[in-house]
Amino acid sequence: MNKIVNAANKNPTLRKLLDKTLEIHKDAVLPEYASPTLRQLLKQENSTKSKIENAPHKAILFTTCYCNYNDTEVGESLAKVLEHNKVSVELMQKEYCCGMPKLELGDLKSVEKLKQLNIPALYEKAQQGYALIAAVPSCVLMFKQELPLMFPDDPQVQAVAKAFFDPFEFLFKLHKLKQLNTEFKKELGNISYHVACHQRVQGIGPKTKKILQLIPNTQVDSIERCSGHDGTYGVKKETLKYANKIARPIVKKILQQDPDYYGSDCPVAGSHIQHNLNKEHLDKQQKAIHPLALLCLAYQI
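Going by full-length UniProt numbering, the sequence shown opens with residue 1, and the numbers climb by one from there.
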């Protein structure tokens with residue numbers, strides 16, 4: 001089924017139909033569906049529960065809709081980095097959408113329903129001492145800030161918020177405890193790093209940049225601008241041209257920096273930046289690499 005959907009999304013005739021019926025721009029880049037999914041992949045690799053005896057830390061990897069169904073590499077990279085740092089990694093038995101897409105549409109009833117599906121199980125894990133980690137900033141923001149603001153009197157929501165971490169926030173915590181593995185095998189040179197909007201508003205500081213700069217002979221130049229994608233804004237017929245326009249200053253900055261690598265904490269933002277960079281500059285066909293994947297590269301894992 002995934003292959004059929006992916007092929008359909010590249011079919012010019014069907015894309016014109018989507019343009020007319022759902023107002024999804026015919027030139028918009030749509031994410032491919034992965035097979036197997038991240039959850040299936042991690043179970044196949046026997047990574048659902050790490051074989052780390054007496055692990056000093058244990059974490060729940062909340063796979064997120066995007067990493068589970070679309071960009072499995074990001075979730076795999078997170079699992080690898082955590083396990084490389086002696087963190088026992090597990091998946092939730094079941095997980096549901098964090099609710100951010102519904103919140104952005106103003107569908108508060110659906111947000112509450114998803115909260116009721118996710119929070120009790122996550123709360124139980126938080127009470128057992130697990131760190132809760134997701135690789136998509138929007139999902140982390142939902143659990144850390146949005147749900148607590150919407151449900152201030154729900155103690156389970158508040159407890160989950162305290163246990164939820166951005167990946168690099170958690171890695172920086174390990175670093176402060178002198179428990180982060182800093183035996184990097186590969187230098188990365190110059191990195192152009194786009195700071196995702198939904199990570200910035202978490203107020204955790206430049207944790208991704210700080211961790212990447214621990215890699216020897218690696219310089220990280222931050223770009224703090226909106227990529228312009230914002231989920232549906234970068235695919236809708238009415239708004240795609242504006243999304244691309246918003247991305248141009250980032251593309252210009254990357255070209256000025258001429259990095260060895262570039263990427264964003266937000267996988268969708270990274271893809272959007274990549275599309276605009278490669279579309280406007282045919283001599284700069286370079287793939288955006290997520291910071292977690294860059295860590296894997298530096299660790300050579």
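In this text, a Cβ means the ideal position worked out from N, Cα and C, and glycines have one as well.
The structure presented is a predicted model; accordingly, all values stated were derived computationally and were not measured.
Residue i versus residue j - alpha carbon distance
i: M196; j: H290; result: The sequence shown places Ala at residue 196, rather than the Met named in the question. About 11 Å.
i: S222; j: Y193; result: 5 Å
i: L114; j: Q256; result: 43 Å
i: E187; j: N217; result: 6 Å
i: D71; j: T64; result: 10 Å
i: A243; j: E32; result: 20 Å
i: T182; j: K241; result: 42 Å
i: A298; j: F170; result: 18 Å
i: L295; j: T37; result: 22 Å
i: residue 302; j: P101; result: Nothing about residue 302 can be read from this structure; the chain reaches only from 1 to 301.
i: E53; j: V87; result: 10 Å
Burial state of residue i (16 or more Cβ within 10 Å)
i: P137; result: buried
i: Q199; result: buried
i: V201; result: exposed
i: L149; result: exposed
i: M142; result: buried
i: G106; result: exposed
i: P12; result: exposed
i: N276; result: buried
i: G189; result: exposed
Residue i, DSSP secondary structure in three states
i: Y130; result: coil
i: T13; result: helix
i: A269; result: helix
i: H57; result: strand
i: Y261; result: strand
i: F184; result: coil
i: V89; result: strand
Cutoff 6 Å; reference residue i; Cβ partners in own chain excluding five residues on either side
i: C266; result: P137 and A196
i: F151; result: V157
Residues near residue i in its chain [Cβ-Cβ closer than 8 Å; skip 5 each side]
i: D19; result: H25, K26 and K237
i: K16; result: K26
Residue i: CB within 8 Å of a non-hydrogen atom of the ligand NAD
i: Q158; result: Of ligands this structure carries none, so the ligand NAD is not represented either.
Bridge partners - residue i, DSSP secondary structure assignment
i: D221; result: S192
i: I24; result: K236
Neighbourhood of residue i by C-beta distance below 7 Å, restricted to the same chain and skipping five residues each side
i: Q274; result: K287 and A288
i: H229; result: A243, V268, A269 and H272
i: L174; result: N85 and L180
i: I119; result: Q156, V157 and V160
i: L214; result: T182
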